[in-house]
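Notes for the one structure printed next.
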Amino acid sequence: GWMAYAVGSLPEGVDRITKLTMKWKVGEEPSHSRAFFSPWFGMDPSDNLNLIQPVNPWLGSQWAMYTEYFQWSPEHNSNSRQQSVEAGQTLAGSLVYDESTDSYELSQTVVETGVSSSQTVKCQSG
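Heads up: the sequence shown runs through residues 143 to 268, numbered per the working numbering.
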């Protein structure tokens with residue numbers, strides 16, 4: 143289940159959110175299991191069909207990080223290159239709009255090592 147979410151709206155005359163960034167510490171290792179869960183932040187348009195997000199999944203025996211674009215209909219998923227991350231390290235994620243290409247650069251970096259993962263996602267109309 144989801145722990146929390148927020149809903150916002152753009153001011154009149156604004157078409158896109160231009161930047162969303164967050165930092166967090168990777169949690170302690172949970173008990174080893176086949177469970178998959180993932181701390182993340184992200185955003186999607188009002189129709190909720192195109193989610194962009196830096197993710198920090200627990201893979202059952204280790205933490206990882208990458209960025210993800212998920213389109214609900216028609217279903218499509220795109221992940222950037224997965225990188226390992228350790229408990230206690232700091233992740234810095236960002237979603238930055240590029241008006242010249244009408245796209246978002248999704249990025250996630252391990253602050254202590256500089257290791258990063260990113261991808262560019264072209265905006266759809268709306």
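Beta carbons: idealized from backbone N, C-alpha and C, even for Gly.
Beta-bridge analysis with DSSP links Phe212 to Leu193 and Asn219. For Thr243 and Glu170, the gap between their C-alpha atoms comes out near 39 angstroms. Per DSSP, reduced to three states, the secondary structure at Met145 is coil, with no helix or strand assignment. Thr209 is a Cβ neighbour of Gly235, given a cutoff of 9 angstroms.
Just measuring C-alpha positions, the residue of Leu152, Pro216 and Ser180 sitting nearest Gly202 is Ser180. Closest by C-alpha distance to Gln195, out of Tyr211, Ala229, Gln225 and Ser258, is Tyr211.
A direct Cα-Cα distance of roughly 31 angstroms separates Ser215 from Val227. Just so you know, the alpha carbons of Asn190 and Leu152 end up roughly 15 angstroms apart. Rounded to the nearest whole angstrom, the C-alpha separation of Phe178 and Val156 is 37 angstroms.
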